[in-house]
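Residue numbers (the UniProt record's numbering): 1 to 243.
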């Protein structure tokens, strides 16, 4: 006779929805099968559209790949599973102190968007795919920007972001991770360098203003000279007229 019961089972979201336990009747020992009772029961679990479940039986990966979406059954005593979220997630790369190619120390941060592309290998090939991707993003950012000058960091952010995305994506592929996008958010300069650049910019503006003023004076003097020539010609013409 099949029996059903409901037992609490903790999910990855922290809630404890009821897990349906079904007596499969796989064994019959003349009514004396208490020792086989746990094996005769299966647990029914639901996987959402954006999730996959990686199942292990007695420590071995179950054939057929990750399960889902939908319903799947496990044997509570011998099976274990891990749900993997396939949606795109993002994280901030903390500001990294980086020495540029032209020996300028800057602080750079970024944001990375990634998703799990293969649930099975994200569980079997790496202990924590998300944490490993975050750590790798920090070192990749330092390595890439260390080969760039300050001017390149400020002007070529799009190219730097693309290079970082392709490098990260290639490195995390064996972990079942797909890096979708990387954005360099901010490049912060030391305060002393900011003041020096501000002074340089101000000097450049002052020099430009002086050039413009000199050009204006030159044009004004040219106009005055031309006017004087016209007046002199008129005066000479008046002198040459007979009475």
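Using N, Cα and C, we set each Cβ at its ideal position, and we do this for glycine too.
If you draw a 10 Å sphere on the C-beta of residue 52, you find 16 or more other C-beta atoms in it, and that means buried. Residue state for residue 53 is assigned as strand, using DSSP reduced to three classes.
Judged by DSSP secondary structure, residue 183 falls within the beta strand (DSSP E) whose first and last residues are 177 to 188. For the pair residue 108 and residue 90, the CB atoms are not nearer than the 8 Å cut-off. Counting the other Cβ atoms within 10 Å of the Cβ of residue 165 gives 16 or more, which makes it buried. The criterion of a C-beta distance shorter than 8 Å is satisfied by residue 116 and residue 176. In the DSSP assignment, residue 105 falls within the beta strand (DSSP E) that extends over 105 to 116.
Residue 97: member of the beta strand (DSSP E) spanning 89 to 99, first to last residue. The residue among 119, 101 and 50 with its C-alpha nearest the C-alpha of residue 178 is 119.
Between the C-alpha atoms of residue 125 and residue 174 there is a straight-line separation of about 7 Å. A straight line joining the alpha-carbon of residue 43 with that of residue 63 spans about 18 Å. Comparing alpha carbon positions, the residue from 78, 49 and 140 closest to residue 86 is 49.
The continuous alpha helix (DSSP H) containing residue 121 extends over residues 119 to 124. Remark: three or more beta-carbon pairs, one from each stretch, lie closer than 8 Å, so the stretch 184 to 193 and the stretch 154 to 172 are flagged as touching. Inter-residue distance for residue 172 and residue 212 is about 56 Å (C-alpha atoms, whole angstroms).
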